[in-house]
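First up is the structure itself, then whatever we jot down about it.
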Amino acid sequence: MSPNDTERAHILEAIQQQRNALAVTRITSDPGEIGKGLLQLAELHGMLEDHAESRRHYEEALGFFQSAADKDGQAQVLFGLGVARAHFEDHRGAIEHIARAAFLFNELKDQENEALCRAAIGESLRSLGQPKGAEEKYQEALLLYRQAKNGPRVARLLLDIGDIRMETGDYEAARKRFAEALLVLEKEEDLEPLALCRLLLGEAEGLLGNHEAARPHLRTAAELYSKLHDHAYESRARWDLSIACTFVQDWKMARAELETVIPLFEHQGRADDVARARKVLAHFDARGV
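Note that full-length UniProt numbering has the sequence shown beginning at 1, numbered continuously upward.
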């Protein structure tokens, strides 16, 4: 998510302060400390989505960490370089850097950062159109996050794995992954992944023909996205819910969801979807339901 104007101003101020501090560090400190200063500067530029400048500082930091024989610093920089390359759609280069970072984090017995690397490699493999390879990396990361008892990361990976299964038409396997993620996310306080999980679980149930089971998940997803003011995903959940209600012949609820989703589509300028929803309502009117 891009920073707002206030956040951007704070980051720019932090960048200037870091530049000033780094100028002193270059004179008075050892290579490891200089590397840390450059790493912080790279991360701040990354927060501004200035990935070219971020990559430049990461590359310089890597040399200093290598001089200092600082493996942790090298691993963090290599991961950052991989992320920067991914932003430029150089996913093969991203995988190369992040794999090196994963190797170092493994040597350091840093399970969570190694898992983060493996998941990131999965993202790049997915972007390269290799879902099977991506799922393998997600599974590797999932095992490490389970060992580290990192619930939110476990749930995120379960959603990613389930999403790949949805793309390949394996809806039952996807449903199981989403249901497992839901058990984790219901213990957390982050509404956004919970809303996504409910939406995906509802969609998987619908694709399996379990329309009654889909309804509570889609209704909860719509309510959560309404709280989050996310019109795109709220409209998706409500449209799916209207379909589920139609299948179980709950015409009143189906009509209510369609009447609610139309202004959401209008707000997004989705004229074709507005026309489609109005057509369904006209069909209901013609049938007297």
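Every residue, glycine too, gets a C-beta built ideally from N, C-alpha and C.
Report, in whole angstroms, the separation of the C-beta atoms of Phe64 and Gly82, which I expect to be a contact under 8 Å. Between Gly82 and Phe64 the Cβ distance is about 18 Å, and since that is not below 8 Å, they are no contact.
Check each candidate in Pro263, Glu203, Ala23 and name the one with the smallest Cα separation from Cys245. Glu203
Excluding the 5 residues flanking Gln66 on each side, which residues of the same chain have their C-beta closer than 8 Å to its C-beta? Gln74
Go ahead and label Lys137 buried or exposed: buried means 16 or more other beta carbons lie within 10 angstroms of its beta carbon, across all protein chains shown. buried
Between the Cα of Val280 and those of Ser242, Leu200, Asp163, Pro263, spot the shortest distance and give me the residue it belongs to. Ser242
Would you mind reading off the limits of the alpha helix (DSSP H) that contains Arg270? Note, Arg270: premise wrong, no alpha helix (DSSP H); not H, not E.
Tell me which residue opens and which closes the alpha helix (DSSP H) that Glu212 is part of. 211 to 227
Pair within 8 Å by beta-carbon distance, Ala61 and Ala42: Yes, they are a contact pair.
Mind checking which residues open and close the alpha helix (DSSP H) that includes residue 300? Past the edges of the chain, shown from 1 to 289, lies residue 300, and the structure says nothing about it.
Stretch-stretch touch, CB-based, cutoff 8 Å, three pairs: the segment 146 to 166 with the segment 104 to 120: yes
Whole runs of the alpha helix (DSSP H) within the segment 35 to 110, excluding any shorter than 4 residues: 51 to 67, 71 to 87, 91 to 107
Cβ pair Leu218, Asp240 closer than 8 Å: yes
Pop quiz: Ala94 and Ala86 are said to be a contact at Cβ under 8 Å. What is the actual Cβ separation, rounded to whole angstroms? 4 Å
Close Cβ partners of Arg278 (< 8 Å) along its chain, the five nearest in sequence each way excluded: Ile262
Nearest-angstrom Cα distance between residue 292 and Ala69? Nothing in the structure corresponds to residue 292, since the chain is present only between 1 and 289.
N-terminal and C-terminal residue of the alpha helix (DSSP H) that Gly129 is part of: Where Gly129 is concerned, there is no enclosing alpha helix (DSSP H), given that its DSSP letter is neither H nor E.
Assign residue 291 to one of two classes, buried (16 or more other C-beta atoms within 10 Å of its C-beta) or exposed (fewer than that). This structure cannot settle anything about residue 291, because the visible part of the chain is limited to 1 through 289.
Does DSSP classify Lys279 as helix, strand or coil? helix
Measure the alpha-carbon distance for Phe284 versus Glu266 and round it to whole angstroms. Between Phe284 and Glu266, the C-alpha separation is close to 21 Å.
Among the residues of its own chain, which have a CB less than 7 Å from the CB of residue 350, if the five just before and after it don't count? Since the first and last residues shown for the chain are 1 and 289, residue 350 lies out of range.
Any idea what DSSP makes of Asp5, helix, strand or coil? helix
Would a C-beta distance cut-off of 8 Å place Glu234 and Leu194 closer than the cut-off? no
Just confirm the distance between the C-beta atoms of Leu181 and Leu208, as a whole number of angstroms; I'd bet it's less than 8 Å. What sits at residue 181 in the sequence shown is Ala, not Leu. About 17 Å separates the two Cβ atoms, so there is no contact after all.
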